[in-house]
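Remarks on the structure that follows.
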Ligand SMILES: [Ca+2]
């Protein structure tokens with residue numbers, strides 16, 4: 068199985084040095100636009116747009132994953148979107164499972180025309196941590212669908228992201244709902260790429276506490292360095308994090324509605340839903356499955372489902388207890404840690420920086436309306 072290779076792990080100083088180079092590349096790329104064009108592109112493209120005459124091109128970067136499966140099936144049930152590629156990455160479960168799961172999902176939806184390209188098997192610099200306790204040993208709630216007949220394409224995730232974005236500069240929205248390893252690797256391999264991506268909608272992060280540590284949300288915890296690269300890339304980001312995704316849960320009546328649907332997508336979603344709810348009850352995992360990833364995807368279908376607020380978001384990569392935390396500033400200067408008494412600095416960056424924004428964070432959601440949209444699209448009974 069061909070997949071993106073593990074990068075040599077830099078130490079912290081080397082990592083930050085590399086990222087500064089990437090940031091500079093992104094700034095230089097952006098400077099090709101006039102100031103007016105740049106700000107217009109941010110304002111228009113960073114707000115998810117409802118459908119227009121032609122479908123919106125997207126690439127889904129994903130670690131299926133129960134809620135990833137719902138996001139993929141929602142995208143493939145939505146004519147407003149043209150899914151150019153699906154790029155699995157290790158996260159909820161290892162790539163050895165997320166890759167065949169993505170292939171299973173395009174088969175279920177009858178969309179094997181969509182290329183599925185293998186991504187990174189490990190984070191940029193850390194050992195992989197997974198969440199099979201939530202997603203089942205197979206990553207799809209323990210349904211154990213048959214092995215896919217479809218094969219991944221020969222390109223890697225990084226290669227296909229670069230090729231498709233470069234073929235349609237300014238047109239391809241990235242929907243990233245797993246650890247951001249593939250996206251960071253693509254950006255680091257091509258300093259012009261960030262300036263060609265109009266918007267990156269991601270599920271990840273939180274400005275109200277984490278879910279795998281008190282500080283960090285799972286996707287950013289698994290690969291904080293990748294999140295750091297993405298948030299310093301200059302790409303306009305829409306962050307759909309735990310602040311809203313915790314509020315959207317798949318309950319028994321949703322599972323029943325999906326099971327009653329007459330199409331293969333609805334039936335498969337119903338099986339995943341039932342199996343996952345059953346696993347939660349069996350293992351004592353609290354609550355119901357949260358529909359994190361389809362909510363991020365759904366902001367492209369109906370931007371009014373969430374309330375967005377501008378922040379400057381940076382990612383903690385140095386904290387022993389807080390790595391992967393998304394730290395959001397809403398007006399104040401961006402203040403780093405106090406200098407050490409010795410005069411030494413961790414990376415020489417502890418001067419305050421003026422406030423600026425780089426991310427629209429979803430801070431509220433109409434959960435009931437989102438669940439109606441999700442179940443309605445998958446059953447084909449509503450839009
Ligand atoms: Ca995911």
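In the numbering used here, the protein residues as written are 68 to 450.
Just so you know, even glycine gets a beta-carbon here, dropped at the ideal spot from N, CA and C.
In this text the structure is predicted, and so the values were computed from the model without any measurement.
Inter-residue CB distance, residue i and residue j (contact presumed, cutoff 8 Å)
i, j, result
"residue 267", "residue 304", "5 Å"
"residue 151", "residue 215", "In fact, because the Cβ distance is near 20 Å, the residues do not count as touching under 8 Å."
"residue 156", "residue 186", "4 Å"
"residue 130", "residue 154", "At roughly 10 Å, the Cβ-Cβ gap does not stay under 8 Å, so residue 130 and residue 154 are not in contact."
"residue 362", "residue 432", "7 Å"
Backbone CA spacing between residue i and residue j [nearest angstrom]
i, j, result
"residue 308", "residue 430", "8 Å"
"residue 352", "residue 255", "38 Å"
"residue 144", "residue 238", "21 Å"
"residue 112", "residue 349", "Residue confidence is low: residue 112 scores 40 on pLDDT, short of 50, so the model does not pin down where it sits. No coordinate-derived value is stated."
"residue 403", "residue 287", "20 Å"
"residue 384", "residue 291", "6 Å"
"residue 301", "residue 423", "12 Å"
"residue 182", "residue 202", "24 Å"
"residue 318", "residue 406", "49 Å"
"residue 343", "residue 209", "7 Å"
"residue 372", "residue 420", "33 Å"
"residue 236", "residue 346", "43 Å"
"residue 224", "residue 211", "25 Å"
"residue 297", "residue 397", "19 Å"
"residue 273", "residue 395", "9 Å"
"residue 339", "residue 141", "14 Å"
"residue 454", "residue 306", "Residue 454 is absent from the model: the chain starts at 68 and stops at 450."
"residue 184", "residue 247", "15 Å"
"residue 332", "residue 321", "14 Å"
"residue 133", "residue 445", "15 Å"
Local conformation of residue i per DSSP, three classes
i, result
"residue 367", "helix"
"residue 250", "helix"
"residue 448", "coil"
"residue 176", "coil"
"residue 220", "coil"
"residue 182", "coil"
"residue 154", "strand"
"residue 378", "strand"
"residue 320", "helix"
"residue 102", "At residue 102 the pLDDT is 30, less than 50, meaning the model places this residue with poor confidence; the figure from the coordinates comes in the next sentence. It is helical."
"residue 294", "helix"
"residue 144", "coil"
"residue 263", "helix"
"residue 438", "helix"
For residue i, the nearest candidate out of the options (CA to CA)
i, options, result
"residue 271", "385, 217, 293, 257", "293"
"residue 121", "223, 147, 438", "147"
"residue 197", "321, 161, 424", "161"
"residue 324", "311, 315, 341", "341"
"residue 229", "247, 359, 205, 258", "258"
"residue 354", "326, 220, 314", "314"
"residue 278", "252, 310, 370", "310"
Chain C within 8 Å of residue i, Cβ atoms only
i, result
"residue 137", "You won't find chain C in this structure, because it holds only one protein chain."
- Message: Does the structure place the region 276 to 286 close enough to the region 368 to 379 that three or more beta carbon pairs sit under 8 Å?
- Response: Result no; under three Cβ-Cβ pairs closer than 8 Å.
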